[in-house]
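Sequential numbering of the first sequence, starting at 738, is according to the working numbering.
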Amino acid sequence: MAVSFISSNSLNAATSIKRDVATAVFPVRDYDLAATLESGQAFRWNFINGGWNGIIGNHWIRLRADDFSLTAEAAQPTSDWHWLRHYLQLDLDLATVTMTFPDDEPMRAAVTACRGLRLLRQDPWECLASFILSSTKQIVQIRQIVSLLCERFGEPLTAAPEYTPAFAFPTAARVARATEAELRACKMGFRAPYLLQTARLVTESQIDLERLRQLPVELSRDELLKLPGVGRKIADCVLLFAYGFQSAFPVDVWVMKALQKLYFPHRRAKAKRLHHFSETHFGPNAGYAQQYLFHYMRTKHERA
DNA sequence: CTCCAGGCGCCTT
DNA sequence: AAGGCGCATGGA
């Protein structure tokens, strides 16, 4: 896929602000950037002045979308954009995924309502830590906790000068050196010891997050489930959002509501039944289908 | 005030 | 094995 690339140290004629940035334009189709960044899979994107500011690894980045392309602005000279293409999964042909979804009315409605919704490919440690912090929290609260954690323990990064300072997501080693009290001060409550202990296990190589990529999904899940604060739902989030195991299907309260309302509207289905349904009905990209149902339920479908 | 939020771990049956 | 409950915190 062709990528037009513009590197610029020059002044914009309309402003006197000195810039030293790199910009790249990526042609895309069926990519709803807003839905993707707001769909509860990542927690560090902020919509400002018509664009999305965020951090990927150690890169501050600003993204803008139109109907045919995504425009990325980095705060430092950048010639290799592979990390961004990978994070955004720009080479994925979305139609080949959605065509594997079950051909039923709820799935059609969700795909139609959320056209262009994508799954990101995130860093395993950031994803794992973020979802340990997610339990019984609303997305706005998770965002606040993660933001505090990054400000207090993450490495400072260079952002474009007109925007607020940026911080990398703190490494497992840095979190492992924090005290439980310091973590609780980030408002994470009873999740603090889970995060701290998991950070220590990662730092001590009791678990190798990179090795999990190479395992079958079931074995990778078993490894994640050994970590404190990680149950089936959070493990499946990491499998899906960080490793790209697209059969992983996180079942949370929203998805339970969605399955009940969309697929069993006339009789109350037990949790066991809904779990079994989630594992058998949605096919090889079940996790992708789950994201459509989740986002559809959260944003578009009539609230009961 | 009460209730609940993209759950998990532990304690009961 | 399956179900109930406490856990921090903050917003509705």
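Every residue, glycine too, gets a C-beta built ideally from N, C-alpha and C.
Taking the C-alpha atoms as reference points, what is the distance between residue i and residue j?
| i | j | result |
| --- | --- | --- |
| M1034 | V990 | 11 Å |
| V688 | S806 | Because the chain spans 738 through 1041 in this model, residue 688 falls outside it and cannot be assessed. |
| Q951 | M836 | 26 Å |
| T935 | R889 | 18 Å |
| L1011 | E941 | 38 Å |
| A1023 | A985 | 7 Å |
| T916 | M925 | 13 Å |
| V975 | E955 | 13 Å |
| A972 | Y1000 | 25 Å |
| L870 | R845 | 32 Å |
| S957 | G791 | 28 Å |
| A903 | K998 | 41 Å |
| K1009 | L827 | 36 Å |
| D804 | E775 | 18 Å |
| L920 | K963 | 21 Å |
| A1006 | L996 | 9 Å |
| A802 | R969 | 34 Å |
| W789 | D841 | 34 Å |
| I944 | F868 | 17 Å |
| T873 | V967 | 13 Å |
| L885 | I876 | 14 Å |
| Q813 | L829 | 27 Å |
| F742 | T815 | Note on F742: pLDDT 40, under 50, position unreliable in the model; no value is reported. |
| R1004 | I785 | 44 Å |
| C887 | P953 | 32 Å |
| L949 | F927 | 27 Å |
| E899 | L961 | 40 Å |
| T901 | D959 | 40 Å |
Where do the N-terminal and C-terminal ends of the beta strand (DSSP E) with residue i fall, by residue?
| i | result |
| --- | --- |
| G791 | 788-793 |
| T760 | 758-764 |
| I798 | 796-802 |
| S806 | 806-811 |
Please list the terminal residues of the continuous alpha helix (DSSP H) segment that includes residue i.
| i | result |
| --- | --- |
| W782 | Segment: none, W782 is in no alpha helix (DSSP H) and carries neither H nor E. |
| L825 | 819-825 |
| E775 | 770-775 |
| T837 | Per DSSP, T837 belongs to no alpha helix (DSSP H) and is neither H nor E. |
| L938 | 929-940 |
| Y1029 | 1023-1032 |
| E919 | 917-920 |
| V954 | 954-962 |
| L885 | 876-890 |
| L865 | 861-869 |
| L999 | 990-1000 |
| E1016 | 1008-1017 |
| C974 | 969-978 |
| A910 | 909-913 |
Assuming residue i contacts residue j under a Cβ cut-off of 8 Å, what Cβ separation, rounded to an integer in Å, is found between them?
| i | j | result |
| --- | --- | --- |
| A866 | L933 | That pair is no contact at about 10 Å. |
| E947 | F906 | 16 Å between Cβ atoms; not a contact. |
| V939 | A918 | Not really, about 21 Å apart at Cβ, beyond 8 Å. |
| A809 | L800 | 6 Å |
| A922 | R937 | Not really, about 19 Å apart at Cβ, beyond 8 Å. |
| A1042 | V758 | Since the first residue shown for the chain is 738 and the last is 1041, residue 1042 is missing from the structure and cannot be characterised. |
| P1002 | Q1027 | Incorrect: roughly 19 Å between the Cβ atoms, too far for contact. |
Kindly list the residues whose CB is nearer than 8 Å to the CB of residue i, restricted to its own chain and excluding five residues on each side of it in sequence; keep chain order.
| i | result |
| --- | --- |
| Y824 | I793, L857, R858, Q859 |
| D767 | L831, A832, R852, G853 |
Tell me which same chain residues have a C-beta within less than 6 Å of the C-beta of residue i, skipping the five on either side of it?
| i | result |
| --- | --- |
| E892 | A905 |
| G1020 | T837 |
| L977 | A985, G1024 |
| K1037 | A850 |
| P861 | L946, A979 |
| A1041 | Any reading at A1041 needs caution, since the residue's pLDDT is 40, under 50, leaving its predicted position unreliable; the model's value is listed next. Nothing meets the Cβ criterion. |
Got a sec? Which residues, its chain only, sit under 7 Å from residue i by beta carbon, not counting five neighbours each side?
| i | result |
| --- | --- |
| Y1025 | V834, L856, Q983 |
| D817 | none |
| A772 | C851, G853, L854, H1032 |
| Y1029 | A847, V848, C851, L854 |
| L894 | I792, N795, W797, A903, F904, A905 |
| L770 | W789, L800, A802, L807 |
| G787 | R801 |
| G981 | R858 |
| P839 | H1018, F1019, G1020 |
| R911 | F890 |
| P965 | Y931, Q934, T935 |
| P843 | L999, Y1000 |
With three or more C-beta pairs closer than 8 Å as the rule, is the region 1011-1026 touching the region 990-1003?
yes
Take every Cβ of the region 763-782, pair it with every Cβ of the region 866-884, and state whether three or more of those distances are shorter than 8 Å.
yes
Three Cβ pairs or more, each shorter than 8 Å: is that satisfied between the region 812-823 and the region 759-776?
yes
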